[in-house]
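Residue numbers (our numbering): 2 to 440.
I have placed the structure first, in the form of structure tokens, so that the comments after it can refer back to it.
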Amino acid sequence: MNIVVMTGSYHPKYSANSRCLGNIVEELENNHHITVISNDPSENNSRGQYRNHDIVRVSSLRQKKRKKIEKKINSSTGIKKTFWKQLLTFNKVIHVSKTLVSKYTVEYELVEEYLHALNSIEDKIDVIIPACNPIESILAAQKYNSSKLDTIKIIPFLFDKYSTSKTAHWFDFNRSLKMKNHLHLEKRMIEQSNAILTYFSWADHIKKHFAQFEKKITYVEHPLIKETDDITENNVIAQSEEISIVYAGGLSRKIRHPQYTIDLLKEIIDVNQSVMVHLFITGDCNQIVNEQIKGYSANIVNHGTVTSKEAINAMKGASYLLLIGNDDISQMQSKVYEYMSCGRPIILLYKHSEDPIIKVLEKYPYVCMLKQDEQLLESNKKTLVSFIESNRNSYVNFNDIKKIYYDSTPEYIANKLIKVINENNGGETQIDNTYHASL
Numbered sequence: 002m003n004i005v006v007m008t009g010s011y012h013p014k015y016s017a018n019s020r021c022l023g024n025i026v027e028e029l030e031n032n033h034h035i036t037v038i039s040n041d042p043s044e045n046n047s048r049g050q051y052r053n054h055d056i057v058r059v060s061s062l063r064q065k066k067r068k069k070i071e072k073k074i075n076s077s078t079g080i081k082k083t084f085w086k087q088l089l090t091f092n093k094v095i096h097v098s099k100t101l102v103s104k105y106t107v108e109y110e111l112v113e114e115y116l117h118a119l120n121s122i123e124d125k126i127d128v129i130i131p132a133c134n135p136i137e138s139i140l141a142a143q144k145y146n147s148s149k150l151d152t153i154k155i156i157p158f159l160f161d162k163y164s165t166s167k168t169a170h171w172f173d174f175n176r177s178l179k180m181k182n183h184l185h186l187e188k189r190m191i192e193q194s195n196a197i198l199t200y201f202s203w204a205d206h207i208k209k210h211f212a213q214f215e216k217k218i219t220y221v222e223h224p225l226i227k228e229t230d231d232i233t234e235n236n237v238i239a240q241s242e243e244i245s246i247v248y249a250g251g252l253s254r255k256i257r258h259p260q261y262t263i264d265l266l267k268e269i270i271d272v273n274q275s276v277m278v279h280l281f282i283t284g285d286c287n288q289i290v291n292e293q294i295k296g297y298s299a300n301i302v303n304h305g306t307v308t309s310k311e312a313i314n315a316m317k318g319a320s321y322l323l324l325i326g327n328d329d330i331s332q333m334q335s336k337v338y339e340y341m342s343c344g345r346p347i348i349l350l351y352k353h354s355e356d357p358i359i360k361v362l363e364k365y366p367y368v369c370m371l372k373q374d375e376q377l378l379e380s381n382k383k384t385l386v387s388f389i390e391s392n393r394n395s396y397v398n399f400n401d402i403k404k405i406y407y408d409s410t411p412e413y414i415a416n417k418l419i420k421v422i423n424e425n426n427g428g429e430t431q432i433d434n435t436y437h438a439s440l
């Protein structure tokens, strides 16, 4: 089959959603022709190849302008730097203003860029698998299919929430004001799709608003339990480090603020100076982190944004992996599966006792779960110090992880996807049972 996958930022700097899709693509690429259309404004080459599949990169004019201005900021000093920063702010204000007055939170120029990429594919497309987020990929896929008289199978993979998202619409009032419109858009999105793959975090939302489409929905886990490559020589985690803690993921002033985490880490370092903390972060908290770690630069290093390979390399070489819970627990953080695949002891700092990550980690052999609470700071410090001291050399073999979380492996979910495709083609379902037989 000729399958097109549409997503956000892809190789080499994957978004969380693209990492999930990328794992599935790697399972399918040897038996099918795969093209990934990604939203990568930072990449210079519009076309490329990775492993055994093609990549077509797209970006809107706004995104390209933003990247150019960011480069100017990084390369400038003094008044010029201030000018470029102000221009970046001005462009952001214009973009947000347009979003606020529009009927939907959709970047229509990006929809057209995705559509243009689809039209550039010469061979007949059999199946398109767009992702949400970005919602624009699904809209473009359905618009393209309409131009082809609905002859293509459209099977979106819904990762992030759209209508109820606390981050996609910029402001709570904007989300509330447009809720009816966005629910209508989601309904149309499901109606015009042959089938839907999504996480269980969508289940309540679908039952509440789209119960009539339940037969179209296939629920799956995150396809992220995957054995990673061996550690390479350029790992930032030095072999001389006695105890290393790594956090690799996004931070957000709104839903994943780092303040409590930094406070607790500083308390741990005050007790044990051999603890080294490495932060590999994306999001809008770089300045906050850099301010908070002043005075602890010998023990806490903020590496900023790095490639997925660099982050995984650090995770594999760490003594402990740190996970920070969300304020918004309506959907699972995918990072937990990548952490578990590394086999290292995991430290979870959660905000809410109902966080679904807690249930997932209950089956993991080496885990310390602490609630972010100022009144518990001293107690959490003692618990974490004890956990670190008693699990220095702990490690979980990947085969054991795979048995525990078999339904979160890329091969398991790729087989589910092929089953859904075949069912919508009216043909026999052909599933590779080799993996299941090995359990």
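Even for Gly, the Cβ is constructed at its ideal location relative to N, Cα and C.
Values in this document were obtained by computation on a predicted structure and should not be read as measured data.
Where the alpha helix (DSSP H) through residue i begins and ends
| i | result |
| --- | --- |
| Asn23 | The amino acid occupying residue 23 in the given sequence is Gly; Asn does not appear at that position. Here the alpha helix (DSSP H) through Gly23 covers Ala17 to Leu29. |
| Pro42 | Segment: none, Pro42 is in no alpha helix (DSSP H) and carries neither H nor E. |
| Leu225 | Neither: Leu225 is in no alpha helix (DSSP H) and is coded neither H nor E. |
| Ile294 | Here Ile294 belongs to no alpha helix (DSSP H), and DSSP marks it neither H nor E. |
Residue i (DSSP reduced to helix, strand or coil)
| i | result |
| --- | --- |
| Arg48 | strand |
| Ser1 | Lying outside 2 to 440, the shown extent of the chain, residue 1 is not represented and no answer is given. |
| Gly251 | strand |
| Pro131 | strand |
| Gln431 | With a pLDDT of 39 at Gln431, under the threshold of 50, the predicted position of this residue should be treated as unreliable, and no value is reported. |
| Glu245 | At residue 245 the sequence reads Ser, which differs from the Glu that was named. It is a strand residue. |
| His304 | coil |
| Thr384 | helix |
| Gly318 | helix |
| Phe491 | The displayed coordinates of the chain run from 2 to 440. Any statement about residue 491 would go beyond what the structure contains. |
| Arg176 | helix |
| Tyr109 | helix |
| Lys82 | helix |
| Tyr200 | strand |
| His170 | coil |
| His210 | helix |
Enclosing beta strand (DSSP E) for residue i [first to last residue]
| i | result |
| --- | --- |
| Tyr338 | That residue, Tyr338, is in no beta strand (DSSP E); its alpha helix (DSSP H) goes Lys336 to Cys343. |
| Met7 | Asn3 to Thr8 |
| Gly284 | Val276 to Gly284 |
| Val397 | Counting along the chain, Val397 falls outside any beta strand (DSSP E), and DSSP gives it neither H nor E. |
| Leu265 | Not the beta strand (DSSP E): Leu265 falls in the alpha helix (DSSP H), residues Gln260 to Val272. |
| Lys372 | Val368 to Lys372 |
| Leu350 | Ile347 to Tyr351 |
Inter-residue Cα distance where the pair is residue i and residue j
| i | j | result |
| --- | --- | --- |
| His34 | Val57 | 14 Å |
| Lys66 | Ser60 | 10 Å |
| Ile74 | Lys93 | 15 Å |
| Asn287 | Tyr248 | 13 Å |
| Arg393 | Ile244 | 7 Å |
| Phe84 | Lys69 | 13 Å |
| Thr308 | Asn18 | 15 Å |
| Asn120 | Ala141 | 11 Å |
| His185 | Lys295 | 48 Å |
| Glu113 | Tyr321 | 44 Å |
| Tyr406 | Lys417 | 16 Å |
| Asn425 | Ala196 | 8 Å |
| Val102 | Phe388 | 51 Å |
| Ile153 | Phe160 | 22 Å |
| Leu89 | His96 | 11 Å |
| Thr229 | Gly23 | 14 Å |
| Lys209 | Ile358 | 23 Å |
| Phe399 | Ser298 | 34 Å |
| Lys125 | Met333 | 36 Å |
| Phe201 | Ala312 | 27 Å |
| Glu242 | Glu268 | 19 Å |
| Lys99 | Met7 | 25 Å |
| Gln87 | Gln64 | 16 Å |
| Val421 | Lys216 | 11 Å |
Whole-number beta carbon distance between residue j and residue i, since they are thought to touch under 8 Å
| i | j | result |
| --- | --- | --- |
| Glu28 | Glu412 | 5 Å |
| His350 | Thr262 | Looking at the sequence itself, residue 350 is Leu, so the reference to His does not match. Rounded, the Cβ-Cβ distance is 6 Å, consistent with contact. |
| Tyr367 | Val397 | 7 Å |
| His223 | Cys21 | 6 Å |
| Asn303 | Val276 | Actually they are not in contact, since the Cβ atoms of Asn303 and Val276 sit about 16 Å apart, beyond 8 Å. |
| Ala415 | Ile156 | The pair is not a contact, with the Cβ atoms about 13 Å apart (cut-off 8 Å). |
| Ile246 | Ala319 | 7 Å |
| Phe158 | Ile191 | Rounded, the Cβ-Cβ distance is 13 Å, inconsistent with contact. |
| Ser395 | Pro346 | 5 Å |
Residue i and residue j closer than 8 Å at C-beta
| i | j | result |
| --- | --- | --- |
| Ile38 | Tyr105 | no |
| Leu280 | Val290 | yes |
| Ile218 | Thr199 | yes |
| Ile136 | Tyr163 | yes |
| Asp328 | Lys360 | no |
| Ser342 | Ile402 | yes |
| Asn53 | Glu30 | yes |
| Val237 | Ala315 | yes |
| Leu265 | Leu378 | yes |
| Gly284 | Leu324 | no |
| Pro13 | Lys310 | yes |
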